[in-house]
Every structure is written in C-alpha cells, then in structure tokens.
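Reading through the structure tokens given below for one structure.
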Amino acid sequence: MPAPVAGLPDVSLPCFTGGRSFGLASLRGPAVVNLWASSCAPCREELPLLQELADRTAGRLHVVGVDTFDGRAAGASFAADKGVTFPTLFDPGKKLLTALGKINLPVTVFVGADGGRFVYTGKALDKPTLGGLVRTHTGVTVTE
870 MPAPVAGLPD VSLPCFTGGR SFGLASLRGP AVVNLWASSC APCREELPLL QELADRTAGR
930 LHVVGVDTFD GRAAGASFAA DKGVTFPTLF DPGKKLLTAL GKINLPVTVF VGADGGRFVY
990 TGKALDKPTL GGLVRTHTGV TVTE
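The sequence shown maps to residues 870 to 1013 in this note's numbering.
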C-alpha cells in the first residue's frame, strides 16, 4: 500500500558505474527513485516501464534507480538486459531500503517539486498506476 513519507533519507550511495557517491537527500523533484534487484520478480516487470517513463519525461522528471541486494556484476548484467539507461546507484547493503523502514521490494519513491515525498510499496507498478502516481505526486504528466 502507498504511504506518505516526511523526507528522503540522508543516505549517500555510489554511482552504479563507479565514481563518487550521491547524497539522496539532495535530490530535488520532480523525481522518481525506484529500488530494484535482479532477484525481484515485480522489479523485472517495472524496470522497462521506468525506462519508458525516463524517456517520455526527459528534462521534466528525474528517474533514478537504486540497485538493492545485487553484486555489481549481476546488477549490471540485469540492467543491461532490461535496457536501463537512467542513472542508477548501487546499494548492496540495503541502506536506503532500511532507512525507508522497508524490508521488501518493490519500493518506489516519488518526489514532488515542492519537496514532498511519497513511497509506494506492494505489487509491481503497471503503466496506468505509474503514470497516475507520477502525476499526483510530482505534478508531471506522462505523455504517450
């Protein structure tokens, strides 16, 4: 079930491809942050939809992935297989998941331009639900 959140946790994670860490608390909306893992069946359904969302909203909405649970090689292979090109952070220690008070995936955080945050958990997001949550919680309309 969806749940309101007071703010994105102050967690810093390394970029998936290496380099310096990114502090998630500094992320400004509108944005969608999706926590995923290659072993998560709902995540396998969601990632192509999130890539499509990133493509359709380029310049209007930040889409960021957080690879949770995986080793770097397994996550990279999975992301490549799913065609993921949006920025992705690496979190094998589940720091963000834990900071959000969650234990299972899928988890998607919607960040509004006003800084408001909303966390969706439960079943895999389908296209209509994802579009509706983006519109409601970020103010961005997803065009077809």
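Think of the CB as a built atom: it goes at the ideal place given N, C-alpha and C, for glycine as much as any other residue.
Item: Supposed close pair valine 901, threonine 977 - CB separation, criterion 8 angstroms; Value: 6 angstroms
Item: Any 3 or more C-beta pairs closer than 8 angstroms across the segment 897–917 and the segment 951–967; Value: yes
Item: 3 or more residues per run - each beta strand (DSSP E) lying fully within the segment 936–1010; Value: 957–960, 976–980 and 986–990
Item: Extent of the continuous beta strand (DSSP E) run through leucine 904; Value: 900–905
Item: Within 8 angstroms, strictly: CB atoms of glycine 831 and glycine 898; Value: Residue coverage of the chain in this structure runs from 870 to 1013, which leaves residue 831 outside it and unanswerable.
Item: C-alpha gap between glutamate 1013 and lysine 971, whole angstroms; Value: 32 angstroms
Item: DSSP-derived helix/strand/coil call for leucine 919; Value: helix
Item: Cβ-Cβ distance between leucine 974 and valine 988 below 8 angstroms; Value: no
Item: Arginine 1004 versus alanine 943 - alpha carbon distance; Value: 33 angstroms
Item: Check whether proline 883 and phenylalanine 955 have beta carbons under 8 angstroms apart; Value: no
Item: Best match in Glu914, Arg913 and Leu922 for proximity to leucine 842 [C-alpha to C-alpha]; Value: Absent from the model: residue 842. The displayed extent of the chain is 870 to 1013, so no value can be given.
Item: Assigned exposure category for threonine 957 - 16 Cβ within 10 Å defines buried; Value: buried
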